[in-house]
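Okay, so the sequence shown: first residue is 1 according to our numbering, each after it adds one.
Backbone N, C-alpha and C define an ideal beta-carbon position, used for all residues, glycine too.
Computed from a predicted model, the values in this text were never measured in an experiment.
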Amino acid sequence: MDNWRIEEVLFGNETILQRVKQLGEKISADYKGKELVVVGVLTGSVPFVSDLIRNIDIPMELDFVAVSSYGAATKSSGIVEIRKDLGHSVVNKHVLIIEDIIDTGLTLDYLHKSLKGRNPASVKTCVLLDKPSRREVNVTVDYSGFEIEDRFVVGYGLDYAGHYRNLPYIGVLSAPAD
Ligand code: 5GP
1 MDNWRIEEVL FGNETILQRV KQLGEKISAD YKGKELVVVG VLTGSVPFVS DLIRNIDIPM
61 ELDFVAVSSY GAATKSSGIV EIRKDLGHSV VNKHVLIIED IIDTGLTLDY LHKSLKGRNP
121 ASVKTCVLLD KPSRREVNVT VDYSGFEIED RFVVGYGLDY AGHYRNLPYI GVLSAPAD
């Protein structure tokens, strides 16, 4: 782990927080008067969800789901399953799924369909990062922080082999030194 280094910082903490503030303001305006449930996808979305909800100034509930993820690899397995389900019912509520990054789209597509089947008033999606060139399924991203190229990024919740989630910025990993 020690021989991995950050090759390039893509988004510094201030840049991230400015964009998250804008997203929070937009979400607050769009969901005014509606019963909003923010659903964070564990574990990568935690810093994003934490900053985002503090920029949402309307009443809302917070819940989390966990799905199968990359594990220690940098390529998607294509298999998605819920490992931790919602704690509360979303019937007749407006669900906003919060993901750290959308890549192939398989995770969000699966979650969108799964939560849609529970009779909510609506289901929308919000991601901090979007890699559009990698998309394999057509899934609507309603709120997006930044579009990025096809590079493996870490930090601000995003991990490699469980590490780097605590970085306050988002960066690209360099190849390991020998
Ligand atoms: P998707 O299902 O859209 O292919 O992938 C979504 C998940 O893949 C994300 O929640 C994240 O866990 C992982 N992922 C995709 N791209 C990256 C990346 O560049 N860095 C990291 N750390 N995880 C990624």
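Rounded separation between G155 and E8 - CA only:
Indexing the sequence shown from 1 puts residue 155 at position 155. Indexing the sequence shown from 1 puts residue 8 at position 8. The alpha-carbon atoms of G155 and E8 are separated by roughly 12 Å.
On the three-state DSSP scale, how would you describe L158?
By 1-based counting over the sequence shown, the position of residue 158 is 158. It is a strand residue.
Three-state class that DSSP yields for E14 in the structure shown:
As a working note, residue 14 is residue 14 in the sequence shown. Residue state, collapsed to three classes: helix.
Does the structure place the stretch 115-126 close enough to the stretch 162-169 that three or more beta carbon pairs sit under 8 Å?
no
Can you find the residues in the same chain that come closer than 8 Å, C-beta to C-beta, to L23, ignoring five residues on each side of it along the sequence?
As a working note, residue 23 is residue 23 in the sequence shown. So the list reads L52, N55, C126, Y143 and G145, once near-sequence residues are dropped.
Since K84 is in the alpha helix (DSSP H), which residue starts that stretch and which ends it?
As a first step, residue 84 is located in the sequence shown; it is residue number 84 there, counting from the start. Here K84 belongs to no alpha helix (DSSP H); instead the beta strand (DSSP E) covers I82 to K84.
Please name the residue, chosen from A175, T43 and V90, that lies closest to G157 on a Cα-to-Cα basis.
Your numbering for residue 157 matches position 157 in the sequence shown. When only C-alpha atoms are compared, the closest one is T43.
Pick helix, strand or coil for D100, following the three-state DSSP scheme.
In the sequence shown, counting from the first residue as 1, residue 100 sits at position 100. Three-state result, D100: strand.
G12 burial status per 10 Å Cβ neighbour count (16 or more: buried)
Stepping through the sequence shown from its first residue, residue 12 is reached at position 12. Flag for G12 reads exposed.
Can you tell which of V80, E25 and L10 has the C-alpha that lies nearest to the C-alpha of V41?
Looking up residue 41 in the sequence shown gives position 41. That would be V80, whose Cα lies nearest to the Cα of V41.
Taking DSSP's pairing of strands, which residues face I170 in a bridge?
Within the sequence shown, residue 170 is the residue found at index 170, counting from 1. I170 is bridged to F11.
Considering only heavy atoms of the ligand 5GP, does any lie closer than 8 Å to the CB of F11?
As a first step, residue 11 must be located in the sequence shown, where it is residue number 11. Outside the cutoff, so no.
Could you check the C-alpha separation between S114 and S45 for me, to the nearest Å?
Your numbering for residue 114 matches position 114 in the sequence shown. Your numbering for residue 45 matches position 45 in the sequence shown. Going from the Cα of S114 to the Cα of S45 covers about 19 Å.
Within 9 Å, strictly: CB atoms of E99 and L108:
For the purposes of this step, residue 99 is taken as the residue at position 99 of the sequence shown. For the purposes of this step, residue 108 is taken as the residue at position 108 of the sequence shown. For E99 and L108, yes; Cβs fall inside 9 Å.
For F48, the nearest candidate out of N92, T104, H88 and F64 (CA to CA):
Position 48 of the sequence shown, counted from the first residue, corresponds to residue 48. Answer by Cα proximity: F64.
Output needed for I58: all residues of its chain with C-beta closer than 7 Å, excluding positions within five of it in sequence on either side, in chain order.
On the sequence shown, residue 58 is found 58 positions in, with the first residue counted as 1. Excluding residues within five positions, the ones whose Cβ falls inside 7 Å are S28, Y31, K32 and L36.
Whole angstroms are fine: how far does the CA of V95 sit from the CA of S50?
Against the sequence shown, residue 50 aligns to sequence position 50. Against the sequence shown, residue 95 aligns to sequence position 95. Looking at the two C-alpha atoms, the distance is approximately 17 Å.
Compute every distance between the C-beta of K116 and the non-hydrogen atoms of the ligand NAD, then say whether any falls below 8 Å.
With respect to the ligand NAD, the structure offers nothing, as its ligand set consists of the ligand 5GP.
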